[in-house]
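See below for the structure under consideration.
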């Protein structure tokens, strides 16, 4: 064959490039504690990236060199044990191995009869076990909880809309469908309502109590008022671990209310849901098994590399009714490759789907669920440790109860000018990041700027949180002195 | 620290597992021609996968062994040069390397200031260059064209709906928005309309001509009729390469009509759009630069591993208006990690996004766009070669003009009973797949079952297509003899 493929002309050189790339990453991880948590991407690297569309190729070897010098050192930092920002998982070596193998296999898991379908089915079976969902439930791996919630809420909309919304659109609904979530719910829920054509206004924001959980009494009153106003209450989105403070809504009470009112219960369990595996949080999260749908991430607390989430739907027929579409070029009641029924494209909007199940399977297989649960339990214990330390401190002040793995606090020494504290704490976080010491993020709690610590990393220890508390104090005092 | 992370206890063993996994995959690829295109996943493998949630872990070494014996041999087959089904890219070694490195880095590219953001920006810049989009346009990497089109059509809906649809929902639109696409458009477009709450009925299916392209005269008439009926024509979805036959809609005429009528023009360019890089298809695809939005895949003709697609939107402000949402825990006008404005979560529904830009960047850098263009041009030339061979054959019959890389034909020897031909051709395809010889898929053209060949693989040669044509004839004759 004279026509060249893109396969390596020199296979041995390709092999060496993969080995060098692997070794580079493993060495990076081995020394991760000795590195700064985060380093700004230098202008020279940005300039080097900003090249015109390259006409000719570059050797794999040279690309691995560029990766080593320009790309890897300027990552987000979430591999480091003192990355505490947002909710970022730390990934894992087993997950990276699964990702590489999926990259080679290059499977499209939208359908057809091939092994990737069976791996994804097994991962979904394991998820049903974790959350106590029935065997007849359906599921789909997604890029994350945002997409998983969009899928679940599309099914809820179509199931509760009182018309053939899939075919005729929302305008055909006899009454405007409305959804409910706490004010502390993730912003992705309002975005989902906008995407689904319901409008952000269709998401009623229910007040939260002092513990930042949804007020069930307010929810009941709002449902009644909306019914009286001619609207069609359709679904409640409960949160199992709010992003701000880790609060877990009263899932049992919400489930009972949804049953009584005939509403769809969706649980946004993005990171917190998997704490159901720990003895400590099991009872609070157990009512998730009564939900109509659950959305959660593997790439947070299960240490699977980004991106990987999942939606589970109790009623498989409803799930399929919202997404299944058979066209003539997608016949799949057939033999050989055209088998493999049901196809995953019948459970979500995507007609091309990577083999992200493999990295999930590798991670769960490599570590076992007990060790993964141990990380979750330890992260929560370490968050409580930090909380106690802050409560005992004269200069640090806790802004919310510690729940799950999240601690919101700030530097607020007695006598410091109150008006300056937002700026001082913001500057503390920026300095911690810029100096590569630690990477918490910020949020606002009751109008006050908070340093927000989320411990989602299997490498983090209590000593890392002690160091953070000390450094916040040191930087805070220095900043106050400067300002004085 | 006594608390164990999930990091390897034996780093050298981990290194060896990665090397063994790499070598396994590269050896597989090196010998790909000698293997069956597809092998059914055996019941024993399905049984082995169907284990309960594992409590304890398994060594990486043992997992690589399972991968080698159970998983890799039962892949879809699209790495093989004689996989011709649906539209499946063949992936690439450079893409797999990028995927592995992204797996290690574990970046969330929803936002923040880190290098992955700059890599994705650069990939999007290259895409603007390819399609002639202005520098001010925005873009986002997605799992594929399905999601890319959903995003684009959400922006179109919000931009053309005549009300604040994002906030108030579709029911607030003064007139029902309707979209237009040819009957040959991909099923993902109707699914997008359902997801967006417009309803599948809001997608008007425009007749296609004998060349399977959208009838622009019918489109104009339907727009006029809908306006007269009080509906609000909002967008046209043109197809640059239909999935059935590879037909390219008359993009210039459709763009002119959209301009005259004030409609949004979205181009579904899933696989065919990248043929703009070839001299042969450049003029037919050049009007894509006049579109309001374009959706396309890297994981098809650009040989990037699944999943990786892209949406480009001409009007960045409109794009951002449909998806941007700032919450207190996502402040990003700040310093250090909180910088990096704009954040990619402002351009789509996902708040967690993997670093899929890295495998795209690796693929384009490793091969250069000229070699990648060469594959596209060669695949099209080989499809024409097969088409000519079929035209010259007494037993094979072409069912549609060859366009781009797609050939639809069937075994139909003179004198064969017409009623049997659908079944015979279905059986031919199943036998080709089952015997591991080749993997075309099927579709229906004008009511007839067609063998559908799509050449999207950098390893495919004209000889592979010759072999396919011979085997279709051989199997067809054998099947007719059996039936007689």
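Chains as they are written, first to last, in the working numbering: chain Z, 1 to 484; chain Y, 485 to 968. Cβ atoms here follow ideal geometry from the backbone N, Cα and C, with glycine treated the same way. Keep in mind the model is a prediction, meaning the values are calculated, not measured.
Nearest-angstrom beta carbon gap, residue j and residue i [assumed within contact, 8 Å]
i, j, result
"residue 294(Z)", "residue 312(Z)", "5 Å"
"residue 80(Z)", "residue 15(Z)", "That belief does not hold up - the Cβ atoms of residue 80(Z) and residue 15(Z) are roughly 30 Å apart, past 8 Å."
"residue 663(Y)", "residue 721(Y)", "6 Å"
"residue 758(Y)", "residue 860(Y)", "6 Å"
"residue 358(Z)", "residue 102(Z)", "4 Å"
"residue 558(Z)", "residue 216(Z)", "Nothing in the structure corresponds to residue 558(Z), since chain Z is present only between 1 and 484."
"residue 263(Z)", "residue 235(Z)", "6 Å"
Closer than 8 Å to chain Z by CB, residue i
i, result
"residue 485(Y)", "The predicted position of residue 485(Y) is uncertain, since its pLDDT is 40 and thus under 50; no value can be drawn from it."
"residue 637(Y)", "no"
"residue 631(Y)", "yes"
"residue 869(Y)", "no"
"residue 509(Y)", "yes"
"residue 634(Y)", "yes"
"residue 827(Y)", "no"
"residue 675(Y)", "yes"
"residue 932(Y)", "no"
"residue 667(Y)", "no"
"residue 807(Y)", "yes"
"residue 789(Y)", "yes"
"residue 643(Y)", "no"
"residue 494(Y)", "no"
Minimum Cβ-Cβ distance from residue i to chain Y less than 8 Å
i, result
"residue 54(Z)", "yes"
"residue 405(Z)", "no"
"residue 301(Z)", "no"
"residue 19(Z)", "yes"
"residue 420(Z)", "no"
"residue 195(Z)", "yes"
"residue 118(Z)", "yes"
"residue 115(Z)", "yes"
"residue 138(Z)", "no"
"residue 451(Z)", "no"
"residue 239(Z)", "no"
Residue i vs residue j beta-carbon contact at 8 Å
i, j, result
"residue 715(Y)", "residue 670(Y)", "no"
"residue 970(Y)", "residue 368(Z)", "Outside the displayed span of chain Y (485 to 968) sits residue 970(Y), for which this structure offers no information."
"residue 219(Z)", "residue 576(Y)", "no"
"residue 967(Y)", "residue 904(Y)", "yes"
"residue 624(Y)", "residue 195(Z)", "no"
"residue 355(Z)", "residue 109(Z)", "yes"
"residue 436(Z)", "residue 45(Z)", "no"
"residue 830(Y)", "residue 143(Z)", "no"
"residue 429(Z)", "residue 413(Z)", "no"
"residue 559(Y)", "residue 943(Y)", "no"
"residue 399(Z)", "residue 411(Z)", "no"
"residue 505(Y)", "residue 548(Y)", "yes"
"residue 750(Y)", "residue 776(Y)", "yes"
"residue 192(Z)", "residue 251(Z)", "no"
Exposure label - residue i; buried when at least 16 CB within 10 Å
i, result
"residue 353(Z)", "buried"
"residue 388(Z)", "exposed"
"residue 283(Z)", "exposed"
"residue 604(Y)", "buried"
"residue 169(Z)", "buried"
"residue 452(Z)", "buried"
"residue 729(Y)", "buried"
"residue 492(Y)", "buried"
"residue 30(Z)", "exposed"
"residue 47(Z)", "exposed"
"residue 418(Z)", "exposed"
"residue 61(Z)", "exposed"
"residue 441(Z)", "buried"
Residues of the region 519-537 of chain Y whose Cβ lies closer than 8 Å to any Cβ of chain Z, in chain order:
Residues 522, 524, 525, 529, 530, 533, 534, 535, 536, 537.
Select from the region 200-218 of chain Z all residues with a C-beta closer than 9 Å to any C-beta belonging to chain Y, and list them in chain order.
200, 201, 202
Where the region 355-380 of chain Z meets chain Y: residues whose CB sits under 9 Å from a CB there:
355, 356, 358, 359, 361, 362, 363, 364, 365, 366, 367, 368, 369, 370, 371, 372, 374, 375, 378
Using Cβ-Cβ distances below 8 Å, what residues of the region 258-292 of chain Z are close to chain Y?
none
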